[in-house]
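Chemist:
Residue numbers (the numbering used here): 1 to 234.
In structure tokens, the structure reads:
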């Protein structure tokens with residue numbers, strides 16, 4: 001594995017969570033999360049693994065998830081093919097899928113218990129769904145629900161990638177001809193995206209501020225301790 005520290009945290013945590021769910025101790029799981037101070041961007045993968053272990057009765061902690069990762073990687077290639085075919089034709093779609101299949105990162109992550117394979121699939125699926133909706137020539141909110149849910153799910157895997165997804169949606173909608181998307185719809189989508197991005201950015205800024213404040217307090221405490229030791233030595 002490229003990061004044993006992450007794997008030895010994801011897998012045991014998911015197994016423990018699956019056991020708590022099986023015993024009906026949902027609130028214990030919630031308290032456990034709060035005690036661990038688990039970031040939202042790490043919850044998605046742990047929940048996914050815990051549900052997988054729960055459904056399969058913890059049959060395999062590694063083998064089954066890796067088999068599914070291979071399937072997820074294949075689905076990602078199919079989605080890339082469909083996006084390419086939709087805009088550039090059959091030949092370009094096939095080439096795009098082949099390049100995706102042979103990409104070193106895709107192969108690497110499919111053989112790892114890290115969360116990147118699932119994360120890439122969700123992001124690609126989001127792009128595919130939003131591209132499909134925009135290609136219909138008439139933007140309706142009910143057609144966007146699936147894509148929006150996928151975008152929100154990304155926040156549980158990597159918040160920065162989710163923000164990129166919604167920012168790309170905003171830019172795509174703004175650049176689309178007003179014959180396809182009228183200004184009222186553009187303003188509505190822009191407001192929704194602004195709220196989502198604003199909430200996410202505020203949460204990240206607050207988390208960063210807490211880290212900096214903790215470091216400053218810790219540094220001041222160390223300085224005071226060193227000053228006390230110096231006076232005591234004299």
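The C-beta atom is built at its ideal place from N, Cα and C for all residues, glycine as well.
Remember, it's a predicted structure, so these values are computed and weren't measured experimentally.
Taking the alpha-carbon of residue 79 as reference, which of 120, 57, 190, 139 has the nearest alpha-carbon?
Modeler: Looking at the Cα atoms, 120 is the closest of the given residues.
Chemist: Just verifying my parser: in three-state terms, what is the DSSP assignment at residue 142?
Modeler: Helix at residue 142.
Chemist: Buried or exposed for residue 118, please, with buried defined as at least 16 other CB atoms from any protein chain shown within 10 angstroms of its CB.
Modeler: Under this definition residue 118 is a buried residue.
Chemist: Given 8 Å as the limit, is there contact between the region 157-174 and the region 34-49, that is, 3 or more CB pairs closer than that?
Modeler: Yes, since at least three Cβ pairs between the region 157-174 and the region 34-49 fall closer than 8 Å, the two stretches touch.
Chemist: Step through the CB atoms of chain D and report whether any lies within less than 8 Å of the CB of residue 166.
Modeler: Here chain D cannot be found, since the structure has a single protein chain.
Chemist: Take the Cβ of residue 8 as the centre, count every other Cβ of all protein chains shown within 10 Å, and call the residue buried at 16 or more, exposed below.
Modeler: Exposed is the call here.
Chemist: Can you round the beta-carbon distance between residue 134 and residue 172 to whole angstroms, since I take them to be within the 8 Å contact cut?
Modeler: Correct: roughly 6 Å between the Cβ atoms.
Chemist: Out of curiosity, what's the CA-to-CA distance linking residue 170 and residue 194?
Modeler: When rounded, the distance between both Cα atoms is 9 Å.
Chemist: Rounded to a whole number of angstroms, what is the C-alpha to C-alpha distance between residue 26 and residue 189?
Modeler: Using only the alpha carbons, I get a separation of about 36 Å.
Chemist: Closest to residue 109 by CA distance: which of 168, 67, 153 is it?
Modeler: Checking every option, the nearest Cα to that of residue 109 belongs to 67.
Chemist: Terminal residues of the continuous alpha helix (DSSP H) containing residue 73?
Modeler: 63-88 is the extent of the alpha helix (DSSP H) around residue 73.
Chemist: Near residue 214, which residues of its chain fall below 8 Å by C-beta distance, leaving aside the five closest residues on each side in sequence?
Modeler: Confidence at residue 214 is low in this model, with a pLDDT of 46, below 50, so its placement is unreliable and no value can be given for it.
Chemist: Given that a residue counts as buried once 16 or more other Cβ atoms are within 10 Å of its Cβ, and exposed if not, what is residue 90?
Modeler: Label assigned to residue 90: exposed.
Chemist: Do residue 72 and residue 15 count as a contact pair if the criterion is CB distance below 8 Å?
Modeler: The answer is no: Cβ separation not under 8 Å.
Chemist: Enumerate in chain order the residues of its own chain whose CB-to-CB distance from residue 85 is below 6 Å, with the five nearest sequence positions on each side excluded.
Modeler: Closer than 6 Å at Cβ, skipping near neighbours: 93.
Chemist: Count the other CB atoms within 10 Å of the CB of residue 4; is the residue buried (16 or more) or exposed (fewer)?
Modeler: Flag for residue 4 reads exposed.
Chemist: For the alpha helix (DSSP H) that contains residue 117, what are its first and last residues?
Modeler: Its alpha helix (DSSP H) spans residues 116-135.
Chemist: What do you reckon, are the CB atoms on residue 114 and residue 6 nearer than 8 Å?
Modeler: Contact flag set, yes.
Chemist: For the alpha helix (DSSP H) that contains residue 110, what are its first and last residues?
Modeler: 104-110 is the extent of the alpha helix (DSSP H) around residue 110.
Chemist: Are the CB atoms of residue 146 and residue 166 within a distance shorter than 8 Å?
Modeler: No, they are not a contact pair.
Chemist: Whole angstroms are fine: how far does the CA of residue 179 sit from the CA of residue 149?
Modeler: Each residue's alpha carbon lies about 26 Å from the other.
Chemist: Taking just the CA atoms, how far does residue 17 sit from residue 105?
Modeler: Looking at the two C-alpha atoms, the distance is approximately 29 Å.
Chemist: Let me confirm a value: residue 20 is counted as buried when at least 16 other C-beta atoms fall within 10 Å, else exposed. Which label applies?
Modeler: Counting Cβ neighbours within 10 Å, residue 20 comes out buried, since at least 16 surround it.
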